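Novice: In the numbering used here, the protein residues as written are 78 to 304.
For every residue, glycine included, the Cβ atom is placed at its ideal position computed from N, Cα and C.
Note that the structure is a prediction, hence the values are computed from the model and not measured.
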Amino acid sequence: MNDILYQISISALPVLLAITAHEAAHGWVAWRCGDDTAYRLGRVTFNPFRHIDPFGTIILPGLLLLLSGGRFMFGFAKPVPVDFNRLREPRRDMVAVAAAGPGVNLMMATAAAALLHVVPLLPAMLGAWVEANLVVAVWINVLLAVFNMLPLPPLDGGRVAVGILPPPLALKLARLERYGLVIILGLVFVLPAVGNAVGLNLDVFQWLVIVPASHISEAILALVGVS
Numbered sequence: 078m079n080d081i082l083y084q085i086s087i088s089a090l091p092v093l094l095a096i097t098a099h100e101a102a103h104g105w106v107a108w109r110c111g112d113d114t115a116y117r118l119g120r121v122t123f124n125p126f127r128h129i130d131p132f133g134t135i136i137l138p139g140l141l142l143l144l145s146g147g148r149f150m151f152g153f154a155k156p157v158p159v160d161f162n163r164l165r166e167p168r169r170d171m172v173a174v175a176a177a178g179p180g181v182n183l184m185m186a187t188a189a190a191a192l193l194h195v196v197p198l199l200p201a202m203l204g205a206w207v208e209a210n211l212v213v214a215v216w217i218n219v220l221l222a223v224f225n226m227l228p229l230p231p232l233d234g235g236r237v238a239v240g241i242l243p244p245p246l247a248l249k250l251a252r253l254e255r256y257g258l259v260i261i262l263g264l265v266f267v268l269p270a271v272g273n274a275v276g277l278n279l280d281v282f283q284w285l286v287i288v289p290a291s292h293i294s295e296a297i298l299a300l301v302g303v304s
């Protein structure tokens with residue numbers, strides 16, 4: 078139980094800030110591109126309570142932490158509403174709105190990595206806790222960026238792909254959005270379980286998200302001079 082409480086203490090704030098900034102960035106860019114839906118609803122803000130989804134932000138991460146003994150957590154915020162028909166240039170601006178969330182997450186990961194230089198100036202116990210928070214912040218933000226850039230609607234990468242692909246291909250990809258969540262859950266949970274049952278490594282999430290996120294995190298730490 079102590080391990081779980083410690084994991085919560087070093088993960089809660091980084092996760093909350095990561096998903097809040099991610100959603101606020103979508104809303105802000107949409108507003109600048111002509112759609113004020115999110116702005117009118119008060120979603121262009123860094124107030125986390127505007128973005129919290131009771132199940133996705135609190136219940137689901139808590140359950141996963143408990144069930145995994147503090148080793149795994151996943152969650153999501155309320156999606157920011159965007160009316161793509163109100164954007165000045167719908168296809169072009171869709172790409173900007175979608176890319177804004179992952180882009181902000183990468184900036185936050187870089188900022189968190191840079192702040193690690195401050196840790197040696199802090200008292201030992203506080204420094205260790207702050208360092209753990211910052212390391213988690215780097216990882217969570219990069220993970221969120223990489224995961225969301227998978228080219229599958231309704232993820233941000235899917236919307237980017239719909240915005241840049243030729244219309245016939247974009248339309249076919251857009252039609253997958255209604256099945257997107259089912260496909261994602263299948264790739265993350267079902268396919269690896271099937272692979273384990275038959276003795277094969279079918280952990281697509283590991284290949285497409287965890288490995289790239291690890292390399293990007295290492296690159297960011299190296300960029301700011303943290304070994």
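Count the C-beta pairs between the region 189-207 and the region 245-260 that are closer than 8 Å, then say yes if the count reaches three, no if not.
Specialist: In short, these stretches do not touch, since the Cβ pair count stays below three.
Novice: Can you tell me whether L300 is buried or exposed, with buried defined as 16 or more other CB within 10 angstroms of its CB?
Specialist: That one is exposed.
Novice: Using a Cβ-Cβ cut-off of 6 Å (strictly less than) and excluding sequence neighbours within five positions of I297, which residues of its own chain qualify?
Specialist: Correct list, in chain order: A186, T187, A190.
Novice: Count the other C-beta atoms from every protein chain shown that fall within 10 angstroms of the C-beta of V267, then say buried if there are 16 or more, exposed otherwise.
Specialist: Exposed: under 16 other Cβ atoms inside 10 Å.
Novice: Kindly indicate the opening and closing residues of the alpha helix (DSSP H) around H128.
Specialist: Careful: H128 lies outside any alpha helix (DSSP H) and carries neither H nor E.
Novice: Could you tell me which of A290, G119, N182, P230 sits nearest to K249, measuring between CA atoms?
Specialist: Here the closest residue by C-alpha is P230.
Novice: DSSP three-state call for T134: helix, strand or coil?
Specialist: Helix at T134.
Novice: Taking the C-alpha atoms as reference points, what is the distance between R255 and A201?
Specialist: Taking the straight line joining both Cα atoms gives about 50 Å.
Novice: Given a cut-off of 8 Å on the beta-carbon distance, is the pair R222 and L183 in contact?
Specialist: For clarity, residue 222 is Ala in the given sequence; the question names Arg instead. Yes, these two residues count as a Cβ contact at 8 Å.
Novice: Please classify W284 as buried or exposed, where buried requires at least 16 other C-beta atoms within 10 Å of its C-beta.
Specialist: Exposed: under 16 other Cβ atoms inside 10 Å.
Novice: If you follow the alpha helix (DSSP H) that I96 is part of, which residue opens it and which one closes it?
Specialist: Element bounds for I96: 79-109.
Novice: Would you check if the distance between the CB atom of D112 and the CB atom of R163 is smaller than 8 Å?
Specialist: Cβ atoms of D112 and R163: closer than 8 Å.
Novice: Run the CB neighbour count on E295, radius 10 Å, all protein chains shown included, and call it buried at 16 or more, exposed below.
Specialist: The residue is exposed, with fewer than 16 neighbouring Cβ atoms inside 10 Å.
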